[in-house]
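Numbering (the UniProt record's numbering), first residue to last: 1 to 359.
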């Protein structure tokens, strides 16, 4: 599942537009949908022309090309006919993808046709789901002994993504706040860069960013945050300047990490702190509208304990910067979602944030 992608991306037999030359593009072992074997499949290229993104979050600068089709989609015991994306690979895979598709869950605008509507949205519009709301609970393992949502709530898994409603008993009473999702034009400039651009993101304005109780400067032109729990959502979002201030306040020291153990894929350098001092570090706080609550990331949640060798462990500030200078945009993902429930309302285009129940 991907909060930042439109519709559903599905590997298919297509290779350079040819449905009969699959082996020239797909690596051995890659699972794919063979549309020619489906008796209910309909090609929709005459209705929705193929699309190509030359910059994209899937393959970087390599082209992401798709065609559109229509078929019956199954989600558990539910099913409905939907429009979806068939991958039309334009280059040989270096290896099989670690997934069999991308279940996009981006917001749907009123002007969007089915080519940019998620499977969940299409199911809801057909009455398959009774509610337009989806929710996310992260049942992470606590590193420093702070209370965390019980893994039993996620059936022993790392997280639980609910479609067509949410579990009210997962939420601390009175903590749920709803916000209007906004369009953030900075996303395609410095964050999730796609060409042509995509603006279907769950996003909020950031009206305040604090380290402890110390307010940090915001960009005067635009300050916002995008919800992305995938790789771009790992690490607490901070600006370049607020990261420097955090390093100063925590007396963190530089540390060089191999990419294989780095806590996130941001371009910033990393710093470590004494593991014994983590509970005394300041929280990172964010406000998404004047007069609304401040949502915090506890230090136990933005510091990762990392094994950097067989004998050495370091406590690293897991923060991620975007842009330059003061805050302009950040990604709210799994680091932010620890101890919270995140909800998206596809009908009202609202984002819900709530405190999750603890053990």
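In this text, a Cβ means the ideal position worked out from N, Cα and C, and glycines have one as well.
Beta strand (DSSP E) segments (min. 3 residues) lying fully within the stretch 239–263: Listed in chain order, they are 253–255.
Exposure of residue 254, with buried meaning 16 or more beta-carbon neighbours within 10 Å: Flag for residue 254 reads exposed.
Residue 296 - containing beta strand (DSSP E), residue span: Its beta strand (DSSP E) spans residues 294–297.
Residue range of the beta strand (DSSP E) that includes residue 125: Residue 125: not part of any beta strand (DSSP E); member of the alpha helix (DSSP H) spanning 119–125, first to last residue.
Distance between beta carbons of residue 345 and residue 4, contact taken as under 8 Å: For a cut-off of 8 Å, the C-beta gap from residue 4 to residue 345 is around 17 Å, too long to register as a contact.
Continuous beta strand (DSSP E) assignments of at least 3 residues falling wholly in the stretch 102–182: DSSP runs (the beta strand (DSSP E)) wholly in the stretch 102–182: 133–138, 159–163, 177–180.
Three-state secondary structure (DSSP) of residue 18: If DSSP states are grouped into helix, strand and coil, residue 18 belongs with the strands.
Where the alpha helix (DSSP H) through residue 334 begins and ends: Boundaries of the alpha helix (DSSP H) harbouring residue 334: 334–337, taken from the DSSP string.
Pair within 9 Å by beta-carbon distance, residue 153 and residue 137: Taking 9 Å as the Cβ cut-off, residue 153 and residue 137 qualify as a contacting pair.
Straight-line Cα distance separating residue 270 from residue 190: Distance between the alpha carbons of residue 190 and residue 270 is about 20 Å.
Helix, strand or coil at residue 350 according to DSSP, with G and I counted as helix: Looking at residue 350 - three-state DSSP - the assignment turns out to be strand.
Opening and closing residue of the beta strand (DSSP E) in which residue 290 lies: Run containing residue 290: none; DSSP gives neither H nor E here.
Span of the beta strand (DSSP E), counted from its first residue to its last, around residue 225: Run containing residue 225: 224–227, per the beta strand (DSSP E) assignment.
Beta-ladder partner(s) of residue 355, from DSSP: The partner list for residue 355 (beta bridge, DSSP) reads 340.
Cβ neighbour criterion (16 or more within 10 Å) applied to residue 196: Exposed is the label assigned to residue 196, since fewer than 16 other Cβ atoms lie within 10 Å of its Cβ.
Distance, residue 48 Cα to residue 64 Cα: CA-to-CA, the gap between residue 64 and residue 48 works out to about 16 Å.
For residue 198 and residue 50, the rounded distance between their alpha carbons: Whole-angstrom Cα-Cα distance: 15 Å.
For residue 57: DSSP bridge partner residues: Its beta-bridge partners do not exist; DSSP assigns none.
Under the three-state DSSP convention, the category residue 72 falls into: Three-state DSSP puts residue 72 in a strand.
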